[in-house]
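S.K.:
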Amino acid sequence: MTRSARLLTLLIAVVLLGAVGTGAVLYAADRSGRRDQEQAGGPPVHPGIVTLKPTGRQLVVRNLAWGPHRDELATVPADRPDGPRTVSGEKCLRFHAAAGTGICLQAEHGALEDTYQAVVLDDRLHELHRFPAAGIPTRARVSPSGHLVAWTVFVSGDSYAGTDFSTRTAIVDTRDWRLEDNLETFALIMDGHPYRASDTNIWGVTFADDNRFYATVATGGQTYLVQGDLAARTLTTLHQNVECPSLSPDGTRIAYKKRVAGASPDAPWRLYVLDLATMTETATAEQRNIDDQALWADDHTLVYAMPGDYGSDLWTTPADGSGAPARLMTSAVAPAYLG
Amino acid sequence: MYLADSRQSKSRASTNEAVAPDTRPGRRAAAIPGTVLALGAVSLVTDVSSEMVSAVLPLYVVAALGLSPLGFGLLDGINNGVGALVRLLGGHLADRGGSRHKAVAAVGYGLSAVCKPLLLLVHTLPLISGVLAVDRTGKGLRTAPRDAMISLATAPEHRGRAFGVHRAMDTTGALLGPLLAFAILRLTVDGYDAVFAVSGCVAALGVLVLLLFVPGRVRESEPAVRPTLRDAVVLLRRPALRRLTLCAVLLGLTTVSDSFLYLLLQRELHLSAHLFPLLPLGTAAVFLLLAVPLGMLADTIGRRTLFLAGHGALLAGYGLVLTLHGPAVIPAVLLLHGTFYAATDGVLAAATAGTVPADQQGAGQALVGTGQALARFVCSLAFGALWSVWGGRTALAVTATGLAVAALTATALLRPDRSAPTDPTEDEVSAA
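Laid out in structure tokens, this is it:
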């Protein structure tokens, strides 16, 4: 091959590959454009006023239904979850609220890469404070009093084809805006002894009160339920094989993801409930893989996200292992009960 | 295409010296060989492609697939081991027969290229891990033949610069990839499939540049005898290569992995969590800027000298982390860390080239590179264990002490310069 023949070959290849690449980008852009158009048969969506202190009991979710209000916070009456949604204009990847305080994890699209923000909102969804978050948002919780907020993000190692994921979990006191940036700096007490490791990961905070919380700690290939003490900056292990804990309103039980033996490696988790007094585990009737931090609708009922046609749907099942799971609403994720 | 016509056929007995093109008297040997630029371009394009995927993969897994990726990294250890063996195999296969370097490298680049469109088809963590493992196998295969081709195409006295140019181009691609990937994500609103498709096209372009513009034979003559696997092992009987491998392993055993170092920076120097993703960028930028100048410096003052000095910079970086406090120290640490890479990565390959005959460049590069990679992996395991027992700070202090001892030992090993260092290339082929 002569030099000019090689250059010509390269030129043709650049044009062809460029066309394929451009086609892929245009196709994807067109598809994302369709997502901005309202889906036929989807839930009715109306812009309106969303408040975190409503008069009646409401469910707030991140609305995933296609249309101009996709990804916005939306409320529905708690007793009519499949009814019309009131959307707020506020977009969040993850959200949780309690006692008039909201925590909204947002993405900010930059030129170099996405950056993430943890935004604390008041009951009218006005921004009170924002903190830079270290990575991709995955969990968010507000304490029952509305005073403390917590969030977990994923960060990834930057190695070649990096597959080395870890988490960062932060807690903020909204009364003085004191930030615990990384719970990995807390002292970990495992089976009564101080424990140190480079591979600790912490995620999925759930608050008991304005000091005590529960979370998952992973180290050495094992996960643990820990009880955290914010003032003492300690984490104490309580139980093994617990991920994404969620404390019941009466404070007696933890709903969580349990890695079960014999499950497929890409769907290893089932929804369980742990009684904190007796440390007995109860399997719920939900037989499918779950990958969410469950929410307690009341002391007897769990709500959680499952993959759905438009990203994810919300399902519900009794906490005592009885009954059967049922779909609560479609095209929604990150629920919280208000009022 | 670049192929120096000045090379003479050599019998096996006299191939103890890698070919030295462009050294005819009267001709300035300043130009960077076309083969090196072509291989640099291939690496640049390929790194754009692979870093596009790396940059969006976490987001894709978490945000688009809705999966929890913790524990995803568990396969990394196995991948490292397999990657090391594949690298040895790549180096060995590449030496067998005249034009195998290019062929083996092409298989390596091709294997990684087909992985990109495969990502469009797999949607579970085990399968994604599998595709990434194949991608890495491709990388393992191509590394040694590529470095061998760079060595063979370059006059010995300019190899430091040639590897510097290659590493700078490679790093440029790594920095451009994420920019392109996020531009596409902006344009398509979460069009991860578009990112993977474009990444596949870019990777295909890289393979094509390799096939079109890297000469099939960087050496003119077929060796009379094909090196066998045994020859590859016997390579270690060469005192110069043995010393260099030993030093690379010793120093590798005390080189804390990037991820541990960044974790330490965050925890010990109290860097706020959201600035964490900037740390690798800092190291890469310094590496990019210094790779060529330090490569040229290596050609002047000696590669082994600079290789040792680079580890001195790393030791100084550890020292800063251990003695000073506050995030203000971090830029200085990253400057030293990037300098360490610029002074050691390509420079080690250039030093290796000088210690093995032309027909075993692939195996030689693979041997030293694999030794270093496995040593660093062992260091990671040990460092993690030390951290568990004594905490990160003490683990770093222990490693820094180890590095100082290893550097002193390496200095002694690499300085048996019986002759005055008049030959700046420090090639030790004559000692073999």
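If you're matching them up, the sequences are chains A and B in order. With the first letter of the first sequence counted as 1, position 285 gets the number 285 in the UniProt record's numbering; the numbers rise by one all the way through. With the first letter of the second sequence counted as 1, position 354 gets the number 354 in the UniProt record's numbering; the numbers rise by one all the way through. A virtual CB, placed ideally from N, CA and C, is assigned to each residue, including glycine. Fair warning: this is a prediction, and the values are worked out from it, not measured in the lab.
At what residue ranges does the stretch 283–308 of chain A contain a whole run of the beta strand (DSSP E), taking only runs of 3 or more?
M.R.: DSSP runs (the beta strand (DSSP E)) wholly in the stretch 283–308 of chain A: 295–298 and 301–308.
S.K.: Unbroken beta strand (DSSP E) runs of length 3 or more, entirely within the stretch 107–148 of chain B: which are they?
M.R.: Within the stretch 107–148 of chain B, no complete beta strand (DSSP E) run reaches 3 residues.
S.K.: Measuring only the C-alpha atoms, how far is A:P265 from B:G130?
M.R.: In the first sequence, the residue the question calls residue 265 of chain A occupies position 265. In the second sequence, the residue the question calls residue 130 of chain B occupies position 130. Their Cα atoms are separated by approximately 13 Å.
S.K.: Using 7 Å as the limit for Cβ to Cβ distance, is B:R142 near chain A?
M.R.: Within the second sequence, numbered from 1, the residue matching residue 142 of chain B stands at position 142. So no, B:R142 is outside the interface.
S.K.: Thinking A:T138 and A:R94 are a contact (beta carbons under 8 Å), I'd like their distance in whole angstroms, please.
M.R.: The residue given as residue 138 of chain A occupies position 138 in the first sequence. The residue given as residue 94 of chain A occupies position 94 in the first sequence. About 7 Å; that satisfies the 8 Å criterion.
S.K.: Which of the three DSSP states, helix, strand or coil, is assigned to B:D47?
M.R.: Residue numbering aside, residue 47 of chain B sits at position 47 when the second sequence is read from its first letter. Note: B:D47 maps to helix in three-state DSSP.
S.K.: What three-state label does DSSP hand B:W390 in the structure shown?
M.R.: Position 390 of the second sequence, counting from 1, holds the residue named residue 390 of chain B. The answer is helix: DSSP assigns B:W390 an H, G or I state.
S.K.: Looking only at DSSP bridge pairs, what is A:K53 linked to?
M.R.: If you number the first sequence from 1, residue 53 of chain A lands on position 53. Its beta-bridge partners do not exist; DSSP assigns none.
S.K.: Might you give, ordered along the chain, the residues of its own chain that have their beta carbon closer than 6 Å to the beta carbon of B:T254, omitting 5 neighbours on each side?
M.R.: For the purposes of this step, residue 254 of chain B is identified with residue 254 of the second sequence, where counting begins at 1. Here the set comprises T399, G402, L403 and A406.
S.K.: Of the residues that make up the stretch 179–199 of chain B, which ones have a beta carbon closer than 7 Å to any beta carbon in chain A?
M.R.: So the close ones are L179, F182, I184, R186, L187, T188, V189, D190, G191, D193, A194, A197 and V198.
S.K.: Quick one: is B:S388 near chain A, going by C-beta distance under 7 Å?
M.R.: Within the second sequence, numbered from 1, the residue matching residue 388 of chain B stands at position 388. Cβ-Cβ to chain A under 7 Å: yes for B:S388.
S.K.: Taking 7 Å as the threshold (C-beta atoms), are B:T171 and B:F287 in contact?
M.R.: Reading the second sequence from its first residue, position 287 is the one you call residue 287 of chain B. Reading the second sequence from its first residue, position 171 is the one you call residue 171 of chain B. Yes; because the gap between Cβ atoms is below 7 Å, this pair is in contact.
S.K.: Does the count of Cβ pairs from the stretch 231–238 of chain A and the stretch 184–191 of chain A closer than 8 Å reach three?
M.R.: At 8 Å Cβ cutoff, the stretches touch.
S.K.: On a CA-only basis, which of A:T223, A:G102, A:G311 and A:A197 is nearest B:G392? Give me that one, please.
M.R.: Here residue 392 of chain B corresponds to residue number 392 of the second sequence, with the count starting at 1. Of the listed residues, the one whose Cα sits closest to B:G392 is A:A197.
S.K.: Would A:P132 count as contacting chain B if we go by Cβ distances under 7 Å?
M.R.: Numbered from 1 along the first sequence, position 132 holds the residue referred to as residue 132 of chain A. Yes, because at least one Cβ of chain B sits closer than 7 Å to the Cβ of A:P132.
S.K.: How would you label A:S331, buried or exposed, when you count the other beta carbons within 10 angstroms and need 16 or more for buried?
M.R.: Within the first sequence, numbered from 1, the residue matching residue 331 of chain A stands at position 331. When all chains shown are included, A:S331 counts as buried.
S.K.: For a contact meaning CB atoms closer than 9 Å, what does A:H109 contact in chain B?
M.R.: Translated into the one-based positions of the first sequence, residue 109 of chain A becomes position 109. Correct list: F182, L185 and R186.
S.K.: According to a CB-to-CB cut-off of less than 7 Å, which residues of the stretch 193–219 of chain A neighbour chain B?
M.R.: Those residues of the stretch 193–219 of chain A that come within reach of chain B (Cβ to Cβ, closer than 7 Å) are R196, A197, S198, D199, N201 and A218.
S.K.: Below 7 Å on C-beta distance, what does A:N182 contact in chain B?
M.R.: In the first sequence, residue 182 of chain A corresponds to position 182, counting from 1. Chain B residues near A:N182: A273.
S.K.: Going by alpha carbons, who is nearest to A:P325 out of A:G339, A:V153, A:V333 and A:R288?
M.R.: Locating residue 325 of chain A in the first sequence gives position 325, counting from the first residue. The option with the nearest alpha carbon to A:P325 is A:R288.
S.K.: At 7 Å on the CB atoms, spell out the chain A contacts of B:P58, in chain order.
M.R.: Residue mapping note: residue 58 of chain B aligns to position 58 of the second sequence, counting from 1. Result: I136, F154, S156 and F165.
S.K.: Just how far apart, CA to CA, sit A:P77 and A:Y310?
M.R.: As a working note, residue 77 of chain A is residue 77 in the first sequence. As a working note, residue 310 of chain A is residue 310 in the first sequence. Roughly 21 Å between the two C-alpha positions.
S.K.: Which residue from B:T137, B:H123 and B:R146 puts its Cα closest to that of B:V214?
M.R.: Sequence index remark: in the second sequence, residue 214 of chain B carries index 214 (1-based). Closest by alpha carbon: B:R146.
S.K.: If A:P132 sits next to B:H274, beta carbons under 8 Å apart, how far is it from one beta carbon to the other, in whole angstroms?
M.R.: Translated into the one-based positions of the first sequence, residue 132 of chain A becomes position 132. Translated into the one-based positions of the second sequence, residue 274 of chain B becomes position 274. With a Cβ gap of about 4 Å, A:P132 and B:H274 count as contacting.
S.K.: Could you tell me if B:S54 is buried or exposed, where buried requires 16 or more neighbouring beta carbons within 10 angstroms of its beta carbon?
M.R.: On the second sequence, position 54 is the one that residue 54 of chain B refers to. B:S54 is buried by the Cβ-count criterion.
S.K.: Output yes or no for whether 7 Å exceeds the beta carbon distance between A:L247 and A:Y214.
M.R.: One-based indexing of the first sequence puts residue 247 of chain A at position 247. One-based indexing of the first sequence puts residue 214 of chain A at position 214. Closer than 7 Å, so yes.
S.K.: To the nearest angstrom, report how far apart B:Y60 and B:A363 are at their CA atoms.
M.R.: Here residue 60 of chain B refers to the residue found at position 60 of the second sequence. Here residue 363 of chain B refers to the residue found at position 363 of the second sequence. Approximately 38 Å, taken between the alpha carbons.
S.K.: B:V82 touches chain A at which residues, Cβ-Cβ below 9 Å?
M.R.: On the second sequence, position 82 is the one that residue 82 of chain B refers to. Within chain A, no residue comes near B:V82; the closest Cβ sits about 13 Å away, beyond 9 Å.
S.K.: Pull out every residue of the stretch 316–342 of chain B whose Cβ sits closer than 9 Å to any Cβ of chain A, in chain order.
M.R.: Those residues of the stretch 316–342 of chain B that come within reach of chain A (Cβ to Cβ, closer than 9 Å) do not exist; the list is empty.
S.K.: Which chain A residues sit within Cβ distance under 7 Å of B:T124?
M.R.: The residue labelled residue 124 of chain B in the question sits at position 124 within the second sequence. Residues of chain A passing the Cβ test: D266.
S.K.: Looking only at its chain, what residues have a beta carbon closer than 7 Å to the beta carbon of B:H101, apart from the 5 residues adjacent to it on each side?
M.R.: Here residue 101 of chain B refers to the residue found at position 101 when the second sequence is read from its first residue. Only A94, P145, A148, M149, V218 and G362 meet the Cβ criterion.
S.K.: Would the beta-carbon of A:D173 fall within 7 Å of that of A:L148?
M.R.: Here residue 173 of chain A refers to the residue found at position 173 when the first sequence is read from its first residue. Here residue 148 of chain A refers to the residue found at position 148 when the first sequence is read from its first residue. Cβ distance < 7 Å, so A:D173 and A:L148 count as in contact.
S.K.: Classify A:E243 as buried or exposed, calling it buried when 16 or more other Cβ atoms lie within 10 Å of its own Cβ.
M.R.: Here residue 243 of chain A refers to the residue found at position 243 when the first sequence is read from its first residue. Answer is buried; the Cβ neighbour count reaches 16.
S.K.: Any idea which residues DSSP pairs A:W203 with across the strands?
M.R.: Translated into positions along the first sequence, residue 203 of chain A becomes position 203. For A:W203, which the question treats as bridged, DSSP gives the partners A:T216.
S.K.: How many Å lie between B:T23 and B:A155 at the Cα?
M.R.: Here the question's residue 23 of chain B lines up with position 23 in the second sequence. Here the question's residue 155 of chain B lines up with position 155 in the second sequence. Note that B:T23 scores a pLDDT of 42, beneath 50, so its modelled location is shaky; the value from the coordinates is reported in the next line. Going from the Cα of B:T23 to the Cα of B:A155 covers about 7 Å.
S.K.: Just tell me which of A:A98, A:T101, A:A261 and A:D71 has its CA closest to the CA of A:V87.
M.R.: Within the first sequence, numbered from 1, the residue matching residue 87 of chain A stands at position 87. Taking only the C-alpha atoms, the option nearest A:V87 is A:D71.
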